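Residue numbers (this note's numbering), protein chains in the order written: chain F, 1065 to 1411; chain S, 1065 to 1411; chain B, 1065 to 1411; chain R, 1065 to 1411.
Using N, Cα and C, we set each Cβ at its ideal position, and we do this for glycine too.
From a predicted model like this one, the values you see are computed outputs, not experimental measurements.
First the structure, in the form of structure tokens, and then the observations on it.
4 protein chains.
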Amino acid sequence: MYSFKNDYSEGAHPRILEALMRTNLEQEEGYGEDKYSLQAIDLLKKKIGRADVDIHLLSGGTQTNLTAISSFLRPHEAAIAATTGHIATHETGAIEATGHKVVTVETPDGKLTPSHIQAVLEGHPDEHMVKPELVYISDSTEIGSVYSKSELEQLSNFCIGNDLILYMDGARLGSALCSKENDLELTDIPKFVDAFYIGGTKNGALIGEALVICRDSLKEDFRYMMKQKGALLAKGRLIGIQFLELFRDNLFFELAEHANNMAGMLTTAFTEAGFEFLTHSPSNQIFPILPNSLIDELSSNYSFYVWAKTDAGHSAIRLVTSWATKEEQVLAFIEDMKKELKTAEEK
Amino acid sequence: MYSFKNDYSEGAHPRILEALMRTNLEQEEGYGEDKYSLQAIDLLKKKIGRADVDIHLLSGGTQTNLTAISSFLRPHEAAIAATTGHIATHETGAIEATGHKVVTVETPDGKLTPSHIQAVLEGHPDEHMVKPELVYISDSTEIGSVYSKSELEQLSNFCIGNDLILYMDGARLGSALCSKENDLELTDIPKFVDAFYIGGTKNGALIGEALVICRDSLKEDFRYMMKQKGALLAKGRLIGIQFLELFRDNLFFELAEHANNMAGMLTTAFTEAGFEFLTHSPSNQIFPILPNSLIDELSSNYSFYVWAKTDAGHSAIRLVTSWATKEEQVLAFIEDMKKELKTAEEK
Amino acid sequence: MYSFKNDYSEGAHPRILEALMRTNLEQEEGYGEDKYSLQAIDLLKKKIGRADVDIHLLSGGTQTNLTAISSFLRPHEAAIAATTGHIATHETGAIEATGHKVVTVETPDGKLTPSHIQAVLEGHPDEHMVKPELVYISDSTEIGSVYSKSELEQLSNFCIGNDLILYMDGARLGSALCSKENDLELTDIPKFVDAFYIGGTKNGALIGEALVICRDSLKEDFRYMMKQKGALLAKGRLIGIQFLELFRDNLFFELAEHANNMAGMLTTAFTEAGFEFLTHSPSNQIFPILPNSLIDELSSNYSFYVWAKTDAGHSAIRLVTSWATKEEQVLAFIEDMKKELKTAEEK
Amino acid sequence: MYSFKNDYSEGAHPRILEALMRTNLEQEEGYGEDKYSLQAIDLLKKKIGRADVDIHLLSGGTQTNLTAISSFLRPHEAAIAATTGHIATHETGAIEATGHKVVTVETPDGKLTPSHIQAVLEGHPDEHMVKPELVYISDSTEIGSVYSKSELEQLSNFCIGNDLILYMDGARLGSALCSKENDLELTDIPKFVDAFYIGGTKNGALIGEALVICRDSLKEDFRYMMKQKGALLAKGRLIGIQFLELFRDNLFFELAEHANNMAGMLTTAFTEAGFEFLTHSPSNQIFPILPNSLIDELSSNYSFYVWAKTDAGHSAIRLVTSWATKEEQVLAFIEDMKKELKTAEEK
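Dropping the structure here:
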């Protein structure tokens, strides 16, 4: 049984474990003030092309989202997210638990546009309703789509014009930036958003996300927030060492590119076989719509999520590839699919 | 410069990193439902001697305390803690951030007794005040003391008699249980407390605490709480593998014993040199009161915290040893201290 | 200018002010333990037909909703509401501010059905999402509809079968129970719901809502919650005296009936004039769809909210009547409308 | 039985009820945007001598404190209060329920000084602890003492110098300002504090406190906070009319002066009889230390709180007078006390 369930099924890229080994017995300061975390932060600033941002290393995506958003907002302020947004449905009310409403918008492709946000603002005119203040987007989105430079720029301009904070969840930013359809550079992101994070967990790290705060007014006292939310690890080096390894050369991007390539092979195979997709995805999560009988057959050798029933005989499945996905398994999957289709045809 | 600042200066015990290496490329379920986490939980249940407890693996102490306490209490209920208790002063209001007051009690030695709690209950008679509902203790305490079996039993009986939840912060439970003055077994703890955690981070792990929920009524839906607080790691295997390694033989206790032995050597040396201690500590944190001049001299080769000024010429320092503390460094420290004392005497 | 903007434009029914006058200088206990509050609670229990419920008197609807819902739920549990539900949009995130998500459902008429709730439950299967636990309904709803006995019974059975709490916002319960289409008695409500409140503010009181907690497991320590949320008035007598006056005879229902009758006259007039309504309302809020020109004309003598644009030339307006609405003003409004229509026709 | 238990035993000053009667059937805007609330706010600005402050009318003290403090602070920031401070012990954790720790300081007289606050700041140096940001004081204090102009000025200067918010709970500000030992004018308060409230409930109103926000940076969006916390009354006129009546002439101060005079008569009588006081109080709450036998005798005709046991045979009681306290009852109390003392002497 080979798993295409998610991009966190394996441990870390071996170079990361080696780096942990290499530095293991050195004595370091605690709580993220160790040499490695500081170096990683410096390195990230260079890669991002901005010396003036603040960078903090946290354990996971939900933790990063809840710590950042609750730090950025006053009690009556709300986040706006697509209904597919991770904070809207898959974080067990983590944002609400810090006191803030998440106002959701239905979108066809998981992406927000200025007109979506405009509609939310118009529906929240006064103090009897929350004040929408932060726009939450994900790149790549939870359903695999990616933002173009022009889309992000338009969102950014709209947010500036309406005094909104633009926050990007980059749990899969690596995959987004390495997507064939992407025209954004890592150095573009801080030009457009007020804060974002670079996801490590889903791109080769054991654990760890790097939150980048670009807007000055959002920076103050952020380490207090991290400590209060349980996000300041005693052995912060654990995350610092990993980001240092991921970014000291091109490893971070190579891993994302591999994941995308593996997904691309699957996409090509499904397309050639005549299948449609629930949503267009140029990143490492794809959602082909398949006959239920084919899904059943594939399930005996591969694990994946059945995402949505599309009609009586078909469902969309989610296949996720990662830095660790083996090409031979992708090829085997495609082979098995073709074989099943042929068998089915012959019946 | 050698550090006695804390017990999380180094990475993990080498066996832990080896275990991570060994299992690295296996595909596993996410969010703590992997094989290793499940095995670790089973193993811990055996070590604790209770099959009926629920065990959850979390990243750090503050995160464990805030997730557990906010799960156990209703909105108007409060925790009682010693003023030295970690939740009272060193977690940036993490408990209050979940809505709960921490009512504090001054204690000479960091330990709570039934009479402390009785006084708090008497001071909170009705709905104009919070309802004290959970008693928070640490073993070893934040100032190095340990609970005896009889003390813990008395607390337990008092809590049962007053419908209170008894919760133990075991960030340094290893050191407590391996203390020469300890008469508790790990299997005793669940007999006396409603929930506790076994600290990994300060006893050889990279990251990780194992929360044990003993009382049935506190168990329900705890994984929801973890997810909501950002405590459910995508790669939960990271913690599972570590606890499995720490407990598959006696490693956890050996590491704690080493830390205690190192502290014991320092304690003996200070005692022989005629120094007093701020507080009696049979565990891995000690607080000798030294002349400021000696502190200054020692600071040039060793790092540690100056804890409290005790009079014009003296201060208490905190020295913390760990599984990784090198005996040769302890001996060197003692040697240096003696040398300094002799030099001072000769002046 | 006469206002049909809402049902809280005037002060209190004169009998209420007289009762406040009459009892003004008597010395009473504070914080709702006064004689009048206790008598009011006893009286309400009789009117409700249940001696075993707990009743608490609070100031307003948002306060009652937030205090009750945050008391009833654990941190990971959510409320389910119609998108039109007051807690969903018109309370500035009051429920989220206590930590709980409000999961919303689109409904045509502001009412929830078992199938709505079933769909929410199916969309929230595990700990990565909040746990829907409380069903929030309003009777009458925020858009004027009322629940039938059979509808409420079905909801109740569904909630019992799925371990859900059924909570009714009764800000306009008077109007609902006195609606011509209603077949519920006040004594029916506690048979079907776990908690509800009887709204005073919108039915003749200066201030005050009576929360009725029917399910035993929700009763404990509720006064603590009230105090914590700022809902325990020092001079609780203020609310007690008002409910005593409203319920010592039939005043509460007479006031609601008057409001409904006034709305009914308006509804008949609009219907006779050939207008449609945004939603069917047999209570004291109606939403006729009118030509914009007519709305403009009526606006010069009457104030009301323009609720929604329905097409280029028409909008729905909201007209609210109350215990204090003067029949002569309703007649004048109808007359003015007819005059405008005639004038428009002649052009 | 005559009550000296508190200053909210009676309803409102009769002029207030008359004002409510007089305006009762006028149609007004809801949620504090009515003519009377706006007039009251204008009037208060004149009385305070500052046109640039923001004023909001809320129901009660706990509600005002929790809404203001949670609006003013970021999540990691804490309030500093005397252990006797209302928010510290008598509000059921209302401040903590909004996420903020209350750091307490022992004081002999319920008043805070710069040195108290300095000590708290020194104990909270970094992000492992909350950040003390708001200083909460009460005038008069919860144990009857009052701040002098010089004391308040020193506190103010200290807070400015340390970037702290100075907030004054004025539940009994009337009594403080009318105290014989007071040298503050109402117009002085906004010179020294960043926000304060003028208590109506304990000085003749049925309900209502007027929060004055002086510092510009604390003003934004406060009505959102009020709505979210359930503090925006639908019939806001109820509070507006009362403050208008209390301040349109000197009524507010006359009522406070009467309360103080009644307490002064009691103080004189106890002093002449040779009794001491738990604390020096020149306001409307006094704490004489009496023999338990005398307390028992007085309890048969008068109700009051026994505040603290001072030795085996004595206790301090709390006597509270108000605008409604009858001079004849005070005289009767004094007479009864003297009679008892004489009887006791003769035994």
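Cα-Cα separation between residue i and residue j, rounded to whole angstroms
i: tyrosine 1066 (chain R); j: methionine 1401 (chain R); result: 14 Å
i: glutamate 1160 (chain R); j: threonine 1205 (chain R); result: 21 Å
i: asparagine 1314 (chain R); j: asparagine 1129 (chain F); result: 54 Å
i: aspartate 1280 (chain R); j: alanine 1259 (chain R); result: 10 Å
i: serine 1073 (chain F); j: threonine 1407 (chain F); result: 31 Å
i: threonine 1171 (chain R); j: tyrosine 1200 (chain R); result: 13 Å
i: threonine 1265 (chain F); j: glycine 1272 (chain F); result: 6 Å
i: threonine 1177 (chain R); j: valine 1210 (chain F); result: 57 Å
i: phenylalanine 1317 (chain F); j: glutamate 1249 (chain F); result: 11 Å
i: isoleucine 1262 (chain F); j: isoleucine 1133 (chain F); result: 16 Å
i: lysine 1403 (chain S); j: asparagine 1365 (chain S); result: 13 Å
i: alanine 1104 (chain B); j: glutamine 1091 (chain B); result: 17 Å
i: alanine 1376 (chain F); j: asparagine 1356 (chain F); result: 9 Å
i: threonine 1374 (chain F); j: arginine 1382 (chain F); result: 13 Å
Range of the contiguous beta strand (DSSP E) that encloses residue i
i: leucine 1089 (chain F); result: No beta strand (DSSP E) holds leucine 1089 (chain F); DSSP gives it neither H nor E.
i: glycine 1238 (chain S); result: Per DSSP, glycine 1238 (chain S) belongs to no beta strand (DSSP E); it is in the alpha helix (DSSP H), 1237-1241.
i: leucine 1122 (chain F); result: 1118-1122
Residues near residue i by beta carbon distance below 7 Å, same chain, minus five either side
i: valine 1117 (chain F); result: Lys1109, Pro1254, Val1276, Ile1277 and Cys1278
i: glutamate 1321 (chain R); result: Cys1242
i: glutamate 1197 (chain F); result: Leu1137, Glu1141, Ala1142, Leu1228 and Ile1229
i: glutamate 1361 (chain B); result: Glu1404
i: glutamine 1182 (chain F); result: none
Opposing strand residues paired with residue i [DSSP bridges]
i: arginine 1382 (chain B); result: B:Tyr1369
i: threonine 1168 (chain R); result: R:Ala1145
i: methionine 1232 (chain R); result: R:Ile1201 and R:Phe1260
i: glutamate 1273 (chain B); result: B:Leu1122 and B:Gly1263
i: phenylalanine 1341 (chain R); result: R:Pro1352
i: proline 1196 (chain F); result: F:Ala1142
i: serine 1281 (chain B); result: Answer is none; serine 1281 (chain B) lacks a bridge partner.
i: aspartate 1375 (chain R); result: R:His1378
i: tyrosine 1100 (chain F); result: Looking at the DSSP assignment, tyrosine 1100 (chain F) forms no beta bridge with any residue, so it has no partner.
Boundaries of the alpha helix (DSSP H) in which residue i is found, first to last residue
i: phenylalanine 1222 (chain R); result: 1213-1225
i: leucine 1310 (chain F); result: 1301-1311
i: alanine 1320 (chain F); result: 1315-1336
Close-in-space but distant-in-sequence residues of the same chain around residue i (CB under 8 Å, 5 per side omitted)
i: asparagine 1348 (chain S); result: Asp1071, Ser1204, Gly1208, Arg1236, Ser1239, Ala1320, Ala1323, Asn1324, Met1326, Ala1327, Val1384, Thr1385 and Ser1386
i: valine 1394 (chain S); result: Met1326, Met1329, Leu1330 and Thr1385
i: glutamate 1097 (chain F); result: Gly1300
Cβ shell of residue i (< 6 Å), same chain only, five flanking positions each side left out
i: tyrosine 1095 (chain B); result: Leu1296 and Gly1300
i: valine 1166 (chain R); result: Ala1143, Ala1145, Ile1151, Ala1152 and Ile1159
i: glutamine 1127 (chain R); result: Ala1295
i: glycine 1113 (chain S); result: Thr1251
i: leucine 1358 (chain B); result: Glu1404
i: alanine 1333 (chain R); result: Ile1398
Residue i beta carbon near the ligand MG (any heavy atom closer than 8 Å)
i: phenylalanine 1368 (chain F); result: With respect to small molecules bound, the structure shown includes none, and the ligand MG cannot be examined in it.
For this session: Evaluate contact between the stretch 1343-1362 of chain S and the stretch 1134-1142 of chain S, counting only Cβ atoms and requiring at least three cross-stretch pairs below 8 Å.
Result: no
For this session: Examine the Cβ distances between the stretch 1350-1360 of chain F and the stretch 1211-1220 of chain F and report whether three or more of them are shorter than 8 Å.
Result: no
Exercise. What residues in the stretch 1263-1285 of chain S bring their beta carbon closer than 7 Å to a beta carbon of chain D?
Worked result: Although the question refers to chain D, the structure presented lacks it and instead comprises the protein chains F, S, B and R.
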